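Trainee: Sharing a structure, written as structure tokens. Questions coming.
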Amino acid sequence: MTVVSTLRAELASATSALLDTAAALRDEDLAAPSLLPGWTRGHVLTHVARNADSLVNLLTWARTGVRVPQYVSDAARDAEIEAGARRPAAEQLADLRESSERLDAVVGRMPREAWGSPVEALRPPPHPAWYVLVRRLRELGMHHVDLGAGYGPADWPRRFVLRELHDCLRCWPYERSAVSAIRLLDVPDGGTLPALWPELGAGPVVEGRPADMLAWLTGRSAGEGVRVVLEGQSSVPGPAGPALPAAPPWLTMPAPADLPATPPEDYP
8 MTVVSTLRAE
18 LASATSALLD
28 TAAALRDEDL
38 AAPSLLPGWT
48 RGHVLTHVAR
58 NADSLVNLLT
68 WARTGVRVPQ
78 YVSDAARDAE
88 IEAGARRPAA
98 EQLADLRESS
108 ERLDAVVGRM
118 PREAWGSPVE
128 ALRPPPHPAW
138 YVLVRRLREL
148 GMHHVDLGAG
158 YGPADWPRRF
168 VLRELHDCLR
178 CWPYERSAVS
188 AIRLLDVPDG
198 GTLPALWPEL
208 GAGPVVEGRP
218 ADMLAWLTGR
228 SAGEGVRVVL
238 EGQSSVPGPA
248 GPALPAAPPW
258 LTMPAPADLP
268 ATPPEDYP
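When the count follows this note's numbering, it moves up by one through the sequence shown with no breaks and lands on 275 for the last residue.
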């Protein structure tokens with residue numbers, strides 16, 4: 008048993024949740040702005056569907072050994088999203104469901120040895136094929152929030168939150184950091200994710216619960232639940248405390264650079 012089975016089960020749950028949200032949206036809902044600047048909800052759903060197909064490309068590459076790019080180019084990716092964004096809600100829902108089913112079918116047919124094959128997104132670094140499943144979970148979790156349709160960071164599964172924070176720390180943009188340390192509340196001792204992230208750069212120490220911190224770091228909140236910690240104090244809650252700095256200019260990388268090639272038993 009490897010992490011592939013666990014991730015596949017998580018994908019089924021996250022996909023089902025997104026489909027439930029999408030099924031409740033009407034044509035006029037999809038034409039309304041999402042939480043992503045310049046994108047409607049229709050753009051978001053089209054992107055998630057095309058992302059599934061793009062990851063089929065990467066798994067095909069891993070299975071056959073023949074390079075199949077995730078997308079031909081950034082421009083081609085953007086054109087596909089724009090072309091599909093204005094479709095009726097029923098068509099969008101069907102596309103989202105069918106593309107997710109195509110991806111799951113390919114996952115189910117992957118030979119065990121192919122999960123260790125290296126693939127690469129539009130941007131480096133390369134990563135083993137099993138990490139495609141983590142990337143798909145990231146797309147589902149973040150863009151479900153971006154719909155602005157009732158699902159928020161508080162709805163993220165805790166396992167998803169801790170894994171995303173783990174990878175965030177491993178790819179931290181030290182040279183552009185706006186904080187010197189992060190303190191996570193309610194993180195168990197001895198886990199794979201440390202409660203304190205020290206020496207991140209210049210700026211204040213901030214603290215918060217994992218989902219609140221992940222939402223702030225990924226631009227999915229203005230910092231609700233995240234506080235600046237003053238020296239000698241545990242925290243300064245509410246409006247009496249100092250203002251948060253701007254979130255670090257975080258650009259999520261496709262993957263950490265040193266992932267194990269063989270799928271581990273669990274990740275992180």
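We put the beta carbon where it would ideally sit given N, CA and C, even for glycine.
If you're wondering where the values come from, they're calculated on a predicted model, not measured in any experiment.
Would residue 8 be called buried (16 or more neighbouring beta carbons within 10 Å of its own) or exposed?
Mentor: Residue 8 comes out exposed.
Trainee: Is it true that the CB of residue 255 sits closer than 8 Å to the CB of residue 235?
Mentor: Against a cut-off of 8 Å, the Cβ pair of residue 255 and residue 235 comes out as no contact.
Trainee: Could you check the C-alpha separation between residue 7 and residue 272 for me, to the nearest Å?
Mentor: Since the first residue of the chain shown is 8 and the last is 275, residue 7 is not available in this structure.
Trainee: So with Cβ pairs under 8 Å, would you call residue 215 a contact of chain C?
Mentor: The structure shown contains no chain C, having only a single protein chain.
Trainee: Three-state secondary structure (DSSP) at residue 126?
Mentor: Reduced to three states, the DSSP call for residue 126 is strand.
Trainee: Over what stretch of residues does the beta strand (DSSP E) that includes residue 212 continue unbroken?
Mentor: Counting along the chain, the beta strand (DSSP E) containing residue 212 begins and ends at 212 to 215.
Trainee: Could you spell out the range, first to last residue, of the beta strand (DSSP E) harbouring residue 236?
Mentor: Run containing residue 236: 234 to 236, per the beta strand (DSSP E) assignment.
Trainee: Just verifying my parser: in three-state terms, what is the DSSP assignment at residue 120?
Mentor: The answer is helix: DSSP assigns residue 120 an H, G or I state.
Trainee: Go to residue 190, then tell me how far its beta strand (DSSP E) extends in each direction, as first and last residue.
Mentor: Where residue 190 is concerned, the enclosing beta strand (DSSP E) stretches over 188 to 191.
Trainee: Can you round the beta-carbon distance between residue 15 and residue 114 to whole angstroms, since I take them to be within the 8 Å contact cut?
Mentor: So it is a contact: roughly 6 Å between Cβ atoms.
Trainee: DSSP has residue 135 in a bridge; who is on the other side?
Mentor: For residue 135, which the question treats as bridged, DSSP gives the partners 125.
Trainee: Terminal residues of the continuous alpha helix (DSSP H) containing residue 175?
Mentor: Looking at the DSSP string, the run of the alpha helix (DSSP H) that includes residue 175 is 165 to 177.
Trainee: From the DSSP output, in three-state form, read off residue 147 for me.
Mentor: Three-state result, residue 147: helix.
Trainee: How far does the alpha helix (DSSP H) with residue 35 in it reach, from first residue to last?
Mentor: Unbroken alpha helix (DSSP H) run through residue 35: 34 to 38.
Trainee: Roughly how many angstroms separate the alpha carbons of residue 216 and residue 181, rounded to a whole number?
Mentor: Rounded to whole angstroms, residue 216 to residue 181 spans 22 Å at the Cα level.
Trainee: Between which residues of its own chain and residue 252 is the CB-CB distance below 6 Å, once the five residues before and five after are set aside?
Mentor: Within the same chain, residue 252 has close Cβ partners 185, 210.
Trainee: Would you decide whether residue 262 is buried or exposed? Buried here means 16 or more other CB atoms lie within 10 Å of its CB.
Mentor: Counting Cβ neighbours within 10 Å, residue 262 comes out buried, since at least 16 surround it.
Trainee: Taking the alpha helix (DSSP H) that residue 207 belongs to, which residues open and close that run?
Mentor: No alpha helix (DSSP H) contains residue 207, which DSSP labels as neither H nor E.
Trainee: Under 8 Å Cβ to Cβ from residue 275, same chain only, skipping five residues before and after it: list those, please.
Mentor: Excluding positions up to five away in sequence, the list reads 169, 170, 173, 174, 199, 200.
Trainee: Three-state secondary structure (DSSP) at residue 47?
Mentor: In this structure, residue 47 counts as strand in the three-state DSSP scheme.
Trainee: Out of curiosity, what's the CA-to-CA distance linking residue 167 and residue 144?
Mentor: Computed Cα separation, rounded: 8 Å.
Trainee: Taking the continuous alpha helix (DSSP H) assigned at residue 85, which residues delimit it?
Mentor: Start and end: 81 to 91.
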